[in-house]
Amino acid sequence: LTEKIEALQLEAQIVPLSDLRDTERAVSAALRHLIAPARSLPVELLRSIFSLAFRHLDAPHGRDFHISWQRKYHIQDAYRLSHVCSDWQAAALGTPEIWVASPLVVSPSGQSVDSYAEGLGSWFARSAQLPLSLSLQRSAEAPQMANEILAVASRCRSLRFPRTVSASFLLQLGNISRSSLEELEICDDVERDVRLGSISCFTEMPRLRKLTLDLQFPIPMPWDQLTDISVIHRDRHDDLYTILQECEQLVRVHISIQMPDNGFSILLYLIVLNHLRVLKLSSDVEERKWDVMSTLLDCILAPSLDELSLENPGKLDENSLTRFQLRSPDITKLSLAGPNIDISSHALKSALRHAPLLTHLSIEQCPMFTLEMLTRVLASPDSDSQFLVPRLNVLTLTDLMWHGPGVIDAVHSLIRARWWTNDEIAAGLKRTTVEPWSRVNIRDVSAYTGDRYRISREVLDRIDSLRQTGLDVDMEVAEWKKGDK
């Protein structure tokens with residue numbers, strides 16, 4: 003009898019286990035396609051998986067930094083994907099898109115030139131006939147590597163030279179890439195082993211639209227078809243004005259002024275840039291007393307301008323800026339940056355008063371612009387009882403002076419003057435007719451610029467309290483500084 007009871011109990015335990023087994027089998031069968039081997043997946047799906055597997059780097063520390071690390075990640079990820087198994091390797095080698103880094107930095111970096119050139123040739127072969135973007139270091143001119151690069155130059159969409167390049171190598175690449183090149187960046191010196199004026203190949207490139215060039219190198223370019231240029235102006239006698247007059251299709255322009263003083267002659271006419279949407283002027287001026295941009299602003303008429311960025315303008319003339327803004331009334335984005343900017347509170351108010359459509363304001367590493375000053379300008383009504391820039395809704399503050407007795411209250415007032423919770427709006431407590439902040443970006447990169455710009459713990463706490471009310475605050479603070487007092 004005892005044995006029968008034990009058998010019945012055992013059967014009672016087996017039945018639910020059998021039911022559970024059957025259920026698990028059914029679930030496993032339904033989900034079997036999720037664990038299918040690579041060879042059974044459609045090629046299009048596998049390509050999508052590969053593209054999502056690549057790491058993408060957002061680096062605020064300069065373009066060269068971003069390109070270098072993005073290139074490193076891309077190469078590592080491509081090789082890892084192709085070495086998971088033989089099936090993945092076959093799929094990866096048959097997917098040219100994953101072998102096109104943008105841009106591919108060509109630099110041996112301690113490897114032997116011969117072995118690097120061999121690997122470079124293999125990489126190019128795997129990208130089939132897809133357009134290439136290359137960033138070429140000086141070592142790329144070594145014969146072994148130059149041969150590999152020239153072999154694919156006809157499909158180069160973008161060429162970038164962050165370091166010295168010889169004029170003869172430029173000429174070789176230009177002659178081969180005439181029909182494909184869309185972007186050309188010559189960021190450093192050009193070795194004049196051939197006469198620069200004789201390099202006419204770039205004027206015969208129908209697709210070329212974007213150019214970076216130091217104007218001390220008079221290489222002929224198709225200025226009339228370019229839409230995006232970054233140029234360095236060093237000499238008051240260079241052809242900057244002439245070039246701007248020829249660039250009738252410009253949409254974006256960055257002019258880097260590297261001179262000890264203004265150096266611009268005064269024009270008796272305006273340079274009309276009807277299509278210009280983005281204008282950035284920067285300088286390496288080391289003293290605030292120099293006015294390095296006002297004369298240039300007085301020469302430009304850009305009625306469609308949307309974004310204006312002034313970096314290190316020195317002692318910017320308020321009247322020149324006002325005249326420029328009156329000729330460009332639709333600016334929605336304004337950026338002021340640099341430790342040597344010299345703009346008074348009154349001048350800042352004037353600039354904002356003449357930008358009624360402004361939606362984005364960025365202030366970066368400007369010691370003159372204290373939080374208290376910005377609060378007076380943005381959080382208080384003007385003389386006519388109206389707030390300046392009523393459409394402003396995105397504010398970016400980078401490397402300001404975050405220390406001092408009134409900083410915490412200033413941060414609170416600056417943000418709360420243009421921000422209301424949903425409950426406050428529903429209760430009719432919205433105090434002004436200005437647009438509320440849609441986003442506030444706070445950047446602390448004092449790890450690179452010095453501790454005087456470091457955000458204190460108290461300020462971080464106050465910003466966190468505002469974030470808890472629903473405000474979208476994007477904080478970027480060096481991790482090892484978050485706990486500092």
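Going by this note's numbering, the first residue of the sequence shown is number 3, and it counts up by one from there. Yeah, the Cβ is synthetic: ideal placement off N, Cα and C, and Gly gets one too.
Legend entry - Paired residues, beta bridge with E313 - DSSP: Mapped onto the sequence shown, residue 313 falls at position 311. Paired residues: S284, A339.
Legend entry - Collapsed DSSP secondary structure at V192 in the structure displayed: Here residue 192 corresponds to residue number 190 of the sequence shown, with the count starting at 1. Taken through DSSP and simplified to helix, strand or coil, V192 comes out as strand.
Legend entry - Alpha-carbon spacing of T4 relative to Q11, whole angstroms: Against the sequence shown, residue 4 aligns to sequence position 2. Against the sequence shown, residue 11 aligns to sequence position 9. If I take the Cα positions, the gap works out to 11 angstroms.
Inset, instruction - Sort out for me which residues DSSP pairs C158 with in a bridge. - result: Mapped onto the sequence shown, residue 158 falls at position 156. C158 pairs with L134.
Inset, instruction - Kindly identify the DSSP beta-bridge partner or partners of I273. - result: Translated into positions along the sequence shown, residue 273 becomes position 271. I273 pairs with I302.
Inset, instruction - Using DSSP bridges, identify the partner residues of E366. - result: Locating residue 366 in the sequence shown gives position 364, counting from the first residue. In DSSP, E366 forms a bridge with A339, T400.
Inset, instruction - Tell me E185's beta-bridge partners as DSSP assigns them. - result: What you label residue 185 is simply residue 183 of the sequence shown in a count that begins at 1. DSSP, once it has assigned bridges, lists S160, K212 as partnering E185.
Legend entry - L106 (DSSP reduced to helix, strand or coil): Within the sequence shown, residue 106 is the residue found at index 104, counting from 1. Residue state, collapsed to three classes: strand.
Inset, instruction - Closer than 6 angstroms by C-beta to R254: which residues in its own chain qualify, once you throw out the five before and the five after it? Chain order, please. - result: As a position in the sequence shown, residue 254 is number 252, starting the count at 1. For R254, where only same-chain residues beyond five positions count, the Cβ hits under 6 angstroms are D230, V280.
Legend entry - Simplified DSSP state of V115, which is helix, strand or coil: Locating residue 115 in the sequence shown gives position 113, counting from the first residue. In the structure shown, the three-state DSSP call for V115 is helix.
Legend entry - E250 vs D226 beta-carbon contact at 8 angstroms: For the purposes of this step, residue 250 is taken as residue 248 along the sequence shown, with counting starting at 1. For the purposes of this step, residue 226 is taken as residue 224 along the sequence shown, with counting starting at 1. Taking 8 angstroms as the Cβ cut-off, E250 and D226 qualify as a contacting pair.
Legend entry - Own chain, CB closer than 6 angstroms to L22, minus 5 neighbours either side, in chain order: Taking the sequence shown and counting its residues from 1, the one referred to as residue 22 is at position 20. Closer than 6 angstroms at the Cβ level, and outside the excluded window around L22, lies no residue.
Inset, instruction - Please report the residue range of the beta strand (DSSP E) in which I221 lies. - result: The residue given as residue 221 occupies position 219 in the sequence shown. Where I221 is concerned, there is no enclosing beta strand (DSSP E), given that its DSSP letter is neither H nor E.
Legend entry - Closest residue to R157 among P369, Q327, L183 (Cα-Cα distance): On the sequence shown, residue 157 is found 155 positions in, with the first residue counted as 1. Closest option to R157, Cα to Cα, is L183.
Inset, instruction - Taking all protein chains shown into account, decide if P105 is buried (16 or more other Cβ within 10 angstroms of its Cβ) or exposed. - result: Against the sequence shown, residue 105 aligns to sequence position 103. A residue is called buried when at least 16 other Cβ atoms come within 10 angstroms of its Cβ; P105 meets this threshold and is buried.
Legend entry - Neighbour-count burial assignment, Q78, 16 or more Cβ in a 10 Å radius: Indexing the sequence shown from 1 puts residue 78 at position 76. Burial call: exposed.
Legend entry - Spatial neighbours of E366 in its chain, beta-carbon cut-off 6 angstroms, leaving aside the 5 residues before and after: One-based indexing of the sequence shown puts residue 366 at position 364. Contacts found: A339, T400.
Inset, instruction - Please classify Q327: is it buried, with 16 or more other beta-carbons within 10 angstroms of its beta-carbon, or exposed? - result: As a first step, residue 327 is located in the sequence shown; it is residue number 325 there, counting from the start. In this structure Q327 is buried. Its beta-carbon is surrounded by 16 or more other beta-carbon atoms within 10 angstroms.
Inset, instruction - May I have the straight-line CA-CA distance separating P44 from I178, to the nearest angstrom? - result: Position 42 of the sequence shown holds residue 44. Position 176 of the sequence shown holds residue 178. If I take the Cα positions, the gap works out to 37 angstroms.
Legend entry - Rounded Cβ spacing between P164 and S137 (contact assumed at less than 8 angstroms): Taking the sequence shown and counting its residues from 1, the one referred to as residue 164 is at position 162. Taking the sequence shown and counting its residues from 1, the one referred to as residue 137 is at position 135. P164 to S137, Cβ: 6 angstroms. Contact.
Inset, instruction - Please work out which residues of its chain come closer than 8 angstroms, Cβ to Cβ, to L198, disregarding the five sequence neighbours upstream and downstream, and give them in chain order. - result: Here residue 198 is taken as the residue at index 196 of the sequence shown, counted from 1. Cβ neighbours of L198 beyond the five flanking positions: A169, V192, F219, P220, I221.
Legend entry - Of the listed residues A357, M261, C368, V409, nearest to I345 (C-alpha basis): Counting from 1 along the sequence shown, the entry for residue 345 is found at position 343. Here the closest residue by C-alpha is C368.
Legend entry - Reduced DSSP category for S232 - H, G, I as helix; E, B as strand; rest coil: As a first step, residue 232 is located in the sequence shown; it is residue number 230 there, counting from the start. Three-state DSSP puts S232 in a strand.
Inset, instruction - Kindly examine the ligand NAD and report whether one of its heavy atoms sits closer than 7 angstroms to the Cβ of V255. - result: Questions concerning the ligand NAD fall outside what the structure shown contains, since it holds no ligand whatsoever.
Inset, instruction - Just the C-alpha distance for E13 and S42, rounded to the nearest angstrom, thanks. - result: Here residue 13 corresponds to residue number 11 of the sequence shown, with the count starting at 1. Here residue 42 corresponds to residue number 40 of the sequence shown, with the count starting at 1. Approximately 41 angstroms, taken between the alpha carbons.
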